[in-house]
Structure formats: structure tokens, C-alpha cells
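This report concerns only the one structure given below.
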Amino acid sequence: MSQSAVDVPPKGGFSFDLCKRNDMLTQKGLKAPSFLKTGTTIVGLIFKDGVILGADTRATEGPIVADKNCEKIHYMAPNIYCCGAGTAADTEAVTDMVSSQLRLHRYQTSRDSRIITALTLLKKHLFSYQGHVSAALVLGGVDITGPHLHTIYPHGSTDTLPFATMGSGSLAAMSVFEAKYKEGLTRDEGIKLVAEAICSGIFNDLGSGSNVDICVITKGNNEYLRNYMEPNPRTYVSSKGYSFTKKTEVLLTKITPLLERVEITEVGEAMEE
Amino acid sequence: MGDSQYSFSLTTFSPSGKLVQIEHALTAVGSGQTSLGIKASNGVVIATEKKLPSILVDEASVQKIQHLTPNIGTVYSGMGPDFRVLVRKSRKQAEQYLRLYKEPIPVTQLVRETATVMQEFTQSGGVRPFGVSLLVAGYDDKGPQLYQVDPSGSYFSWKASAMGKNVSNAKTFLEKRYTEDMELDDAIHTAILTLKEGFEGEISSKNIEIGKIGADKVFRVLTPAEIDDYLAEVE
């Protein structure tokens, strides 16, 4: 059978074979590489017609902002989206993987995916890695059984809630929800509340910042409002532009193209029996 | 026949250089219901007979034409259960490709991987070849494409092809009727006429299935109402 790089690792989660080697290396003075965290504010709430998810867009690497406009709301299915907090690589990989599994499942069953299916696939995976996959997720969507909103913790436990927040800015955002959330919000009220909660995280938490992303999911429709609000624009930009003295010359003759453009004329492939 | 002594084991060549089990698999395909495909200038159509064993079978639950990806569809002649297994494997391969390269799998790649699976079952112990030939229709960056994959694992790109019971009549008909600059709707009409050629009984939207893909790159199985419209146009 053909091997591919996405083969599932042998059953039992991580293999810790290299831990001894890593210990030896750190003793010898090698600094372990740090990972990109999304110190984050992510929220979700259920409104009259469905679910609204919101997220900030700052990705941090320690005290440095690594990405000023990253996407934290991940696509899972046409009717399911997932916000991710924690280690950026983990949230990306795990949502990608489950999105792929959901797509195959949809082909097999000829049915739309259910949020509970995504939830169970995610929590099973996270539990089997015993919390080492550092992904804290807010999963929301609308399926045949109605709108659903769940939170998933890195160790694999889940909650089902009418409104939820996760990430380092979750307390700031939760204070807004606790004060202002009520059942049966309209779409505009819901978006306003979510934007307010995310802004609360952006302004009061160091790990969150930049812009607000919003995703509105209703029955049969979803709207991904990327950069719905940009409350942190760059205010002072020099109109004269910036000039940097050239220290090194870029030699165009030293740039070799890796690929040659080749015109392919034949379309089909013949094979000898 | 000297070959018959070598026909029991798949992995043994006969003195004439054939793998007799594969020949038998092709016979199984040849006794299956007719299916055909036509590549038009702006799309591909595949069609098949859908003769059910009894009038009591719920024909709405049977779907012979299947999606492999949003822009690739497939139909078969031969053993239905073998087809199901291959469709499942192909879908998984297409999904793995998408995950690895973040690119929808090109039609040739998917055909090649499916053919590889079919070939593996002709060279392993304890298994038998798949008793189906597939027609894979897709539309990607290289335009519309139609491939036929045989139980041996060999595949060909076709402008128009047929398989199953009525293959020789259907192919003769297609050779006469096919033109390079056919449009998708003409191709659908031609497909219906070709099916009609060898059809036992009255052709209707309940006993044929048609799938098409156009420049929009979305593979669709036609609803019975749409098939009725095309049948009316053909009359």
C-alpha cells in the first residue's frame, strides 16, 4: 500500500523515545525551540438563528507578536467552524485533521456533518495525547438537530454551553458575556456582543490584540467576516516613506530559477496492457 | 485448454503468458450492466443502465454513479460490492492527497492510485482481483478527462468508451457518433442514444443513471426529472 506522510502514528499516542536525548542536549546547553502560542481571546455564543464565533488575531512567541493578523477561526465543515487557542501548530493540525475526517464521513453517509461528530473526533484525539497537544477549542455550528456550541480543553474534556470563551483573554471576554448575554439575541445584537467581548480581550489582555474576526453560522448558510473590526490601525505612517541604506547587493545573476516553465501538449496518458 | 491447469491461482502465469484469473475478472465485467462515458469539449458525461433484480427493489436507494471528490465522479460495470470497496479506498486516497499537498487531487493521480490498488490485488496472496472496470470522469486544470481502469490495474484515457454487456455495439455506435468538438449537452444525448441501442425494454429515468461534470468543475448526478427532460429531447 502507498505510504504517505499523513499515516496515523502507531497506536498509543506519542512515542517518547527521544526524551533521553533531549535531556542530554539541554544539559549540554542547547536551548529547546520555543513554540508559537496564540495567547488568545476566542468566544462563541448561540443566538436566535444559529451560532456566532469570534476571535482576535494576535499570535505571540513569548513577548513578541509573531503574527499581527493570523486566522484563528478554522473551517471544519460548511456548517461547522472552530476557534483555536493554545499552541498554533496544534490547533491548526488538529482542526485540519478532523476537517478531513469529517469530509470523508460526509462522502460515506451522504449527509451533512453534525457538531457532535466533530466534538467526539476532537476529544478522542486530544485525550489520547493526554494534554500534550495544547489545543483549547471553541467549536460551533448548526446541523439538523439545531445550533450547538462546545468548548474543548487540551486534556479532552468538553462543555456544552450557550456562550463560551477560551484563551488568555477569556476572563475579560466572559465578563462582557455574563453582563450582557440573553437568550434570543438577533444577528446584529449577537455580532455586537461578540465584537465587544473580543475587544475586551484585545484591550485588557497582553496575549490578545489586533483585529476581530467573526463567523456567523445559521441553518444552510455561513458568513466568515474576516477582520470585521480593526480597532488597532497603524496610526503614524511616514508619508515620506522609509529609505534604508543598501548594505549588501542582491546579485540577480546569482538567482537561479528552480523550475523551468514547460508547455505540455498531450492531455491523456496511454498505458500498454 | 492447457490454460485451465493454471487458472486456479492468481499469482501463477499460464504457459501462454496470461494471468487467467484476470481474464475471468474481465469476463465478470463483460457480463455486468452496460456503462459508458463520453468526453466533450467542455465536460464529461458518464451513464449506466440501472436494471434492478426485481420491481420490489426501492430504486431511489440504489446509486451506481458515485462522487470521489467534488470534481471527480465514477461509474462501473461488474460487481457492485467490489465497486463500493474501491470507491471507499479512492476517496480516502484523494483526501490524503488533499491533506498533504493542500491541492485537490488531479484526475490522473487519482486514477493512477486506484489502478495501483487494483494491481496490488493481482499480485498478493489470498486475494482475488476486483471484478469491476471503472470509468472515472473528472475536470481539473488540464480540462475534462475520462479514464477507464480495468481489473488488471491498467488504465487508459478515452474520448469515449463503453463497458459491460453491450460493449461492442456501444463502442461501434460511439465511434460513428463521436466528434472532437462535441458539447456537453450533445454528449449527454449521444450517451442516452448509445444506452438505448442495446436496452432491453423501455428506457426511462428510473432505469438509467447519468452523471456529468462541466466547466464549473462540480460533478453532479442528474435527477430523474432532468433525465426525463433529456429523454424527451432525444425522442
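For the protein sequence lines, the chains are C and Y, in the order given.
Using this note's numbering, the first residue of the first sequence is number 152, and each one after it goes up by one.
Using this note's numbering, the first residue of the second sequence is number 128, and each one after it goes up by one.
No residue lacks a Cβ here, since even glycine has one placed at the ideal position from N, Cα and C.
None of the values given here were measured: they were computed from a predicted structure.
Using a CB distance below 7 Å, no part of the segment 267 to 290 of chain C faces chain Y.
Scanning SER281/Y, VAL171/Y, SER188/Y and GLN193/Y for the CA closest to the CA of LEU179/Y turns up SER188/Y. The beta carbon of ARG255/Y does not come within 7 Å of any beta carbon belonging to chain C, so the residue lies off that interface. Judged by DSSP in its simplified three-state form, LYS177/Y adopts coil rather than helix or strand. For SER250/C, the closest Cβ of chain Y is not nearer than 7 Å.
Uninterrupted alpha helix (DSSP H) stretches at least 4 residues long and entirely within the segment 281 to 355 of chain C occur at 321 to 331 and 338 to 355, given in chain order. PHE167/C and ASN173/C have their C-alpha atoms some 10 Å from each other. Within the DSSP secondary-structure output, VAL276/Y pairs in a beta bridge with LEU261/Y and TYR282/Y. In the DSSP assignment, CYS170/C falls within the alpha helix (DSSP H) that extends over 170 to 178. Assignment of GLY341/Y by DSSP, reduced to helix, strand and coil, places it in the strand class.
In the structure shown, VAL254/Y adopts coil according to DSSP, grouped into three states. Interface annotation, TYR226/C: not in contact with chain Y, CB-CB separation never under 7 Å. Selection VAL216/C, ARG254/C and ILE203/C evaluated against LYS343/C yields ILE203/C as nearest (Cα-Cα). Put simply, of GLU302/Y, SER288/Y, ALA264/Y and SER281/Y the residue whose alpha carbon is nearest the alpha carbon of GLY200/Y is ALA264/Y. Shown here, ILE224/C sits in a strand according to DSSP, grouped into three states.
The shortest C-alpha to C-alpha distance from GLY282/C to any of LEU273/C, VAL289/C and LEU290/C is the one to LEU273/C. Using a Cβ-Cβ cut-off of 7 Å, ARG218/Y counts as an interface residue toward chain C, since at least one Cβ of chain C sits closer than that to its own. Here PRO305/C has GLY237, LEU277, GLY282, VAL284, SER285, ALA286 and ALA287 as same chain residues with Cβ atoms under 7 Å from its own Cβ, once five neighbours each way along the sequence are excluded. Where ASN378/C is concerned, the enclosing beta strand (DSSP E) starts and stops at 372 to 380. For the segment 226 to 238 of chain Y, the set of positions with a beta-carbon nearer than 8 Å to some beta-carbon of chain C reads ARG226, LEU227 and THR235 in chain order.
Using a C-beta cut-off of 8 Å, the segment 220 to 228 of chain Y makes no contact with the segment 268 to 278 of chain Y, since fewer than three inter-stretch Cβ pairs fall below that distance.
Annotation for THR242/C: the continuous alpha helix (DSSP H) segment containing it runs 239 to 260. Beta-bridge annotation (DSSP): GLY205/Y is paired with VAL259/Y. Looking only at ARG377/C, ASN355/C and PHE328/C, the smallest Cα-Cα distance to SER319/C is reached by ASN355/C. Here the alpha carbon of GLU329/Y sits roughly 14 Å from the alpha carbon of ILE182/Y. Fewer than three Cβ pairs drawn from the segment 235 to 250 of chain Y and the segment 286 to 299 of chain Y lie within less than 8 Å of each other, which leaves the two stretches out of contact. Counting the other Cβ atoms within 10 Å of the Cβ of PHE165/C gives fewer than 16, which makes it exposed. Straight-line measurement puts the Cα of ALA210/C at about 19 Å from the Cα of TYR232/C. Bridge partners of LYS199/C according to DSSP: none are assigned.
Counting C-beta atoms within 10 angstroms of its own C-beta, ILE193/C has 16 or more neighbours from the protein chains shown and is therefore classed as buried. In the three-state reduction of the DSSP assignment, GLN193/Y falls in the strand class, which pools E and B. In the structure shown, GLU324/Y falls within a helical segment according to DSSP collapsed to helix, strand and coil.
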